[in-house]
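Everything below concerns the one structure shown next.
Numbering (full-length UniProt numbering), first residue to last: 1 to 171.
Listed below in structure tokens is the structure:
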């Protein structure tokens, strides 16, 4: 019988017999990190320890922005926060199609205002593609386009579009 099991990132310890020590158990950061990584993998995420996150590409599962956000929340995560070019490149490497548009976790309440990350803070303007945001139509959500195999910067997109998305969990 195992002395511990991990479920949803939590450690559950079992009493083996009456001689087993009792009280609080101190877990090393290695064990906690390994448990979080195992939790990510069990939910279908790829682990990127150097970025401190796990990322899942929805693939053929496409949703509108609110539906995508809800799906990520059900995993205990959120739509990916774009905060480094390395993270963008890493996430987009999961996209196998030559041309694809993928929701990220940024939106605005009104055209002309800053785009906000669903996890807090503002989307850094350095990640926008040239001429974006262009505020055409009802484009108040954000996505990452890949066109003919070439990764573009962040673009504003309609929230009602049904497209793939990236979810993120913190390690």
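We treat Cβ as the ideally placed atom computed from N, Cα and C, and that holds for glycine.
Since we're looking at a predicted model, the values are computed, not measured.
- For residue 87, the secondary structure class from DSSP, reduced to helix, strand or coil, is helix.
- Classified as exposed, residue 41 has fewer than 16 neighbouring CB atoms from the shown chains inside 10 Å of its CB.
- In its chain, beyond the 5 residues on either side, 64, 65, 66, 107, 138, 140 and 141 have a beta carbon closer than 8 angstroms to the beta carbon of residue 159.
- Shown here, residue 46 sits in a strand according to DSSP, grouped into three states.
- Under the DSSP assignment, residue 100 falls in the beta strand (DSSP E) whose first and last residues are 100-107.
- The criterion of a C-beta distance shorter than 9 angstroms is satisfied by residue 71 and residue 61.
- Counted as a single uninterrupted DSSP element, the stretch harbouring residue 159 is not any beta strand (DSSP E), since DSSP gives it neither H nor E.
- In the DSSP assignment, residue 145 falls within the unbroken beta strand (DSSP E) covering 139-147.
- According to the DSSP assignment, residue 168 belongs to the beta strand (DSSP E) that extends over 166-170.
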